[in-house]
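> The structure that follows is given in the form of structure tokens.
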Amino acid sequence: MRRFSFTYVRIFLTFLFFLCPLAAKSYPHVWYYAIGDDLKKNDFDWQSRFQENVTICFTGGKVEKDGKITWIEIPASRLNSGIAKGVWWIPLFTFSSKTAGIHLLKSENRRKAFLENLLGFLKKYPKYSGIHLDLEGLPPSSADDFRILLEEFLPAFRKENKKLTIALFPQIGFSHEPSGFHSEISRINSVDEVVLMSYDLHSPKTKPGPVTGLSWTKENLTFLLKSYSPAQIWLGIPLYGYSWKTNRKKPDIITRNSSTRKMTEFGRKQDGIHVLENGSEISSLIVDETDWTILVREFGIRGLAYWRLGF
Numbered sequence: 001m002r003r004f005s006f007t008y009v010r011i012f013l014t015f016l017f018f019l020c021p022l023a024a025k026s027y028p029h030v031w032y033y034a035i036g037d038d039l040k041k042n043d044f045d046w047q048s049r050f051q052e053n054v055t056i057c058f059t060g061g062k063v064e065k066d067g068k069i070t071w072i073e074i075p076a077s078r079l080n081s082g083i084a085k086g087v088w089w090i091p092l093f094t095f096s097s098k099t100a101g102i103h104l105l106k107s108e109n110r111r112k113a114f115l116e117n118l119l120g121f122l123k124k125y126p127k128y129s130g131i132h133l134d135l136e137g138l139p140p141s142s143a144d145d146f147r148i149l150l151e152e153f154l155p156a157f158r159k160e161n162k163k164l165t166i167a168l169f170p171q172i173g174f175s176h177e178p179s180g181f182h183s184e185i186s187r188i189n190s191v192d193e194v195v196l197m198s199y200d201l202h203s204p205k206t207k208p209g210p211v212t213g214l215s216w217t218k219e220n221l222t223f224l225l226k227s228y229s230p231a232q233i234w235l236g237i238p239l240y241g242y243s244w245k246t247n248r249k250k251p252d253i254i255t256r257n258s259s260t261r262k263m264t265e266f267g268r269k270q271d272g273i274h275v276l277e278n279g280s281e282i283s284s285l286i287v288d289e290t291d292w293t294i295l296v297r298e299f300g301i302r303g304l305a306y307w308r309l310g311f
């Protein structure tokens, strides 16, 4: 009897030996923003992005002032192919206009209609993991109304076992006009997950300078961690940058695809981003995310979120 037991113990341990390398294989959590219409195209290698622990958040959802919503259809074959590899699909919704957002947020009935429409949408498309609200451009005076909406939405989403996620503006060292609208929801734990939009530190609306920076991001992560757990926070970084040329008021948009070689060769790395300054231009671009990956590990947050695929 003892010999029988030892034999099976050896078999079991041998099985674990071969199983462990497979069990240990894991992928980092990554969030990709994508343009919804791009998902209908075949000129991008989507399969290379489809793997375990990847979230793909795609644009195309609109919200009107009465709470009605519109959206785009993505190919079922692409959706199912991603799910088979472990991808989480989350559609993004945004207000159709600033006026629509202000009117909806102020009305309890319109907020209720919006919620019912989103829940109905998720019942129609049960393979989606949740909803991402990218609500921007509203005045700081609407901040409390936004908080109320999320407090109404979160219990309903959790009841349906769906994620409620939002894009969040930095609250430190950023323009008050866009960040003020998110001031209330940055200070309370109001959703399942947030994407800290750590970009546009300098933009067409500011003087020339880097599009983002590690030190600025650290400040904002430290602030956000007072309200949200590390597992709830995604760090959003740009795959684009800006290039100001002499005698031109507005900068050009540069991307990882278009300008990595130039920025690597002629720029210098500072604060996590390559910056090129000479007599004719001021440009900035993240050409690799090594420092940002280290930052994610340092803070123990969920992962990197990239704006966006195609850049």
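Residue 24 in full-length UniProt numbering sits at position 24 of the sequence shown; the count goes up by one each step and never skips. Idealized CB from N, CA, C, for every residue including glycine. Fair warning: this is a prediction, and the values are worked out from it, not measured in the lab.
Secondary structure at K124, three-state DSSP: helix, strand or coil?
helix
> By how many angstroms is the C-alpha of L39 removed from the C-alpha of F58?
Rounded to whole angstroms, F58 to L39 spans 8 Å at the Cα level.
> On the criterion of 16 or more Cβ atoms from any shown chain inside 10 Å, does K162 qualify as buried, or is it exposed?
Using a 10 angstroms sphere on the CB of K162, the tally of other CB atoms reaches 16 or more, which defines it as buried.
> If we call anything under 8 Å between Cβ atoms a contact, is I69 one with G36?
no
> In the DSSP assignment, find the unbroken beta strand (DSSP E) run with V63 in it and report its ends.
V54 to V63
> Within 10 Å of its beta-carbon, does D200 have 16 or more other beta-carbons around it, so buried, or fewer, so exposed?
buried
> For the alpha helix (DSSP H) that D144 lies in, which residues bound it at each end?
It spans A143 to K159 - the alpha helix (DSSP H) in which D144 sits, taken as one unbroken run.
> Grouping DSSP H, G and I as helix and E and B as strand, with all else coil, what is M1?
Caution is warranted here: a pLDDT of 40 is assigned to M1, below 50, making its placement in the model unreliable, and the coordinate value is therefore given only provisionally. Coil at M1, not helix or strand.
> Could you check what DSSP says for K245 in three-state terms: helix, strand or coil?
Residue state, collapsed to three classes: strand.
> Counting only runs that start and end within the region 230 to 301, where is the beta strand (DSSP E) found for 3 or more residues in a row?
Counting only runs of at least 3 residues, the region 230 to 301 fully encloses the following beta strand (DSSP E) elements, listed from N- to C-terminal order: 233 to 238, 240 to 245, 252 to 255, 268 to 270, 273 to 277 and 281 to 285.
> For I69, which beta-bridge partners are listed by DSSP?
V63
> Can you check which of these residues, L235, N278 and L221, is closest to T246 by C-alpha distance?
N278
> Do the CB positions of I166 and S198 come within less than 8 Å of each other?
In this structure, the beta-carbon distance from I166 to S198 does not fall below 8 Å.
> For P91, which beta-bridge partners are listed by DSSP?
F58
> Alpha carbon to alpha carbon, how far is P155 from S283? Give it in angstroms, no decimals.
Answer to the nearest angstrom: the Cα atoms are 44 Å apart.
> Based on DSSP bridge pairs, tell me the residues matched to H132.
L92 and T165
> Could you check how far apart the C-beta atoms of S96 and E64 are, in whole angstroms? I think they sit under 8 Å.
A Cβ-Cβ separation of about 5 Å places S96 in contact with E64 under the 8 Å criterion.
> From the DSSP output, read off the bridge partner residues of A305.
W31 and G236
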